[in-house]
Amino acid sequence: MKEIEILKELQKIDSQIFQTKLALEEKPKKISFLEKEFEKLTVSLKNLEAEYKKLQIEHKEKDLELQAKEASINKHKGQLPLIKTNKEYNALQLEIEKMKADNSLLEEKIIMLLEKIDVIKVSISKEKEVLSLEEKKIDSAKALVKLDIKALEESLSRLQVQRKTVIPADLKPEVLELYERIRENRGEIAIVPVRDGSCSGCFMNLRAQVLNELSLGKLLTCDTCSRILYVESEN
Ligand SMILES: [Zn+2]
2 MKEIEILKEL QKIDSQIFQT KLALEEKPKK ISFLEKEFEK LTVSLKNLEA
52 EYKKLQIEHK EKDLELQAKE ASINKHKGQL PLIKTNKEYN ALQLEIEKMK
102 ADNSLLEEKI IMLLEKIDVI KVSISKEKEV LSLEEKKIDS AKALVKLDIK
152 ALEESLSRLQ VQRKTVIPAD LKPEVLELYE RIRENRGEIA IVPVRDGSCS
202 GCFMNLRAQV LNELSLGKLL TCDTCSRILY VESEN
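Here it is as structure tokens:
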């Protein structure tokens, strides 16, 4: 095979390798995007759970307060038989009634809190159901991305094997070096066809002499962008 044909073949494989690597870099981003989207969906559940916790703490506090007040009422009641005067007795009795009234207000508040807690409990379990469905969806999307990654990795190693077979043992090392150097400096594309007398890498017109020598099968590079040039065959 002519040098130029070998390099064309090599360029074809290297471009595929480059594209495959690019795609492989993108795939993990897709997975973290999916994970972030799911994270956003969990915000509402987290808020509900925080509210639930807050209400439970409030309930516990009110419950303790109620118990303390009940103990206090009992203590006052215990003092009643020890009182000597009617006036003092009535005053204490009044005090006890007041405390009982306060307590029934507190009890109402506790009942309302318990109702709120029940409502939130229901919302939490509904939200969890929704999330578990979403999680399943995201998991299968992630599984598909992982399959894509596997397929890309397989085709990458296939291409790398193929690349080795394209380079014959007798290819001049300087030709391969030239190709590699241009590819590195010119963003992957080292070899380009001539179109309408111009280099299709940089679109500059080529000198008549260059076109002439190319048609004789010489290995030449573009004066402007340094890429290796070739003339496309008729077929
Ligand atoms: Zn050029």
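First residue of the sequence shown? That's 2 in the working numbering, and the numbers climb one at a time after it. Beta carbons: idealized from backbone N, C-alpha and C, even for Gly. Computed from a predicted model, the values in this text were never measured in an experiment.
Distance between T222 and S33 (C-alpha atoms, nearest Å): When the Cα atoms are used, S33 and T222 turn out to be separated by approximately 44 Å.
The beta strand (DSSP E) enclosing P194, as first and last residue numbers: Element bounds for P194: 192 to 196.
Endpoints, beta strand (DSSP E) assigned at I229: From DSSP, the beta strand (DSSP E) with I229 extends over 229 to 232.
Proximity test, R184 beta-carbon vs ligand 1 heavy atom, cut-off 7 Å: Checking every heavy atom of ligand 1 against the Cβ of R184, none is found closer than 7 Å.
Assigned exposure category for R196 - 16 Cβ within 10 Å defines buried: Label assigned to R196: exposed.
L220 (DSSP reduced to helix, strand or coil): Residue state for L220 is assigned as coil, using DSSP reduced to three classes.
Residues near A142 by beta carbon distance below 6 Å, same chain, minus five either side: Counting only Cβ-Cβ distances below 6 Å, and skipping sequence neighbours, we find L35.
contact_flag[the segment 42 to 57, the segment 124 to 135] where n(CB pairs < 8 Å) is 3 or more: Short answer: they touch.
G198 CB to nearest heavy atom of ligand 1 below 7 Å: Incorrect: G198 has no Cβ contact closer than 7 Å to ligand 1.
7 Å CB neighbourhood of K9 in its chain, flanking five on each side removed: Result list for K9: I192, Y231, in chain order.
Whole-angstrom distance between Q68 and I121, CA atom to CA atom: Taking the straight line joining both Cα atoms gives about 25 Å.
DSSP bridge partner residues for N206 (one or two, in chain order): In the DSSP assignment, N206 forms a beta bridge with S199.
Backbone CA spacing between K37 and L145 [nearest angstrom]: Spanning the two alpha carbons is a distance of roughly 17 Å.
Classification of Q12 by the beta-carbon crowding that lies within 10 angstroms, buried from 16 upward: So Q12 counts as buried.
Alpha helix (DSSP H) segment containing A142, residue limits: Bounds of the alpha helix (DSSP H) holding A142 are 87 to 167.
Integer-rounded CB distance, given that H77 should sit under 8 Å from L93: 6 Å between Cβ atoms; contact.
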